[in-house]
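Numbering (our numbering), first residue to last: 79 to 207.
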C-alpha cells in the first residue's frame with residue numbers, strides 16, 4: 079500500500095513510541111506501507127524534525143528519512159495551483175497524494191481541502207492496520 083504521510087505524523091512517531099503514529103511508521107519500516115514523497119516533502123521533514131525544540135537526534139532523523147528514501151516512492155507531483163490551501167506548506171503533501179492517488183495521513187485534517195484522500199491517523203489505523 080502507498081500513502082503520503084504528513085510531517086506531524088513523523089513528529090508524533092518519534093515523540094511518542096508505542097502510539098498510532100509509531101505503529102504506522104513501523105509499517106513503513108517493514109515495507110507494508112510505501113511512503114510517496116517529493117523533494118519538497120523531504121525538505122520539510124528534515125527541517126521540522128531537526129528543530130531544536132524537538133531534541134530528536136540527527137541519527138534518529140537520518141534513519142527515518144533514509145527509510146523513506148530507500149523504500150518509498152519519489153515522484154514529480156502535478157501542480158494544483160487552483161486549489162485553495164489553508165497553509166501553503168501543506169500543498170506538497172496534497173499534490174503528491176492527488177498525483178499518486180494515495181491516502182494522505184495527517185493529524186490536521188482541517189488544514190487540507192475536503193477530499194476523500196485526506197484521512198486522519200486514527201481513521202487510517204482503524205481501516206488498514
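Yeah, the Cβ is synthetic: ideal placement off N, Cα and C, and Gly gets one too.
Keep in mind that this is a model prediction, so the values were computed, not measured.
Residue i versus residue j - alpha carbon distance
| i | j | result |
| --- | --- | --- |
| residue 175 | residue 133 | 29 Å |
| residue 114 | residue 172 | 11 Å |
| residue 112 | residue 139 | 18 Å |
| residue 163 | residue 187 | 12 Å |
| residue 151 | residue 119 | 12 Å |
| residue 185 | residue 205 | 16 Å |
| residue 125 | residue 131 | 12 Å |
| residue 166 | residue 157 | 12 Å |
| residue 129 | residue 105 | 25 Å |
Exposure label - residue i; buried when at least 16 CB within 10 Å
| i | result |
| --- | --- |
| residue 90 | buried |
| residue 117 | exposed |
| residue 168 | buried |
| residue 110 | exposed |
| residue 155 | buried |
| residue 199 | buried |
| residue 170 | buried |
Within 9 Å, strictly: CB atoms of residue i and residue j
| i | j | result |
| --- | --- | --- |
| residue 92 | residue 148 | no |
| residue 102 | residue 203 | yes |
| residue 123 | residue 143 | yes |
| residue 207 | residue 98 | yes |
Assumed close pair residue i, residue j - CB separation to whole angstroms, cut-off 8 Å
| i | j | result |
| --- | --- | --- |
| residue 191 | residue 161 | 6 Å |
* Examine the Cβ distances between the region 80-90 and the region 171-189 and report whether three or more of them are shorter than 8 Å. => As far as the Cβ criterion goes, the region 80-90 touches the region 171-189, which means the pair count is three or higher.
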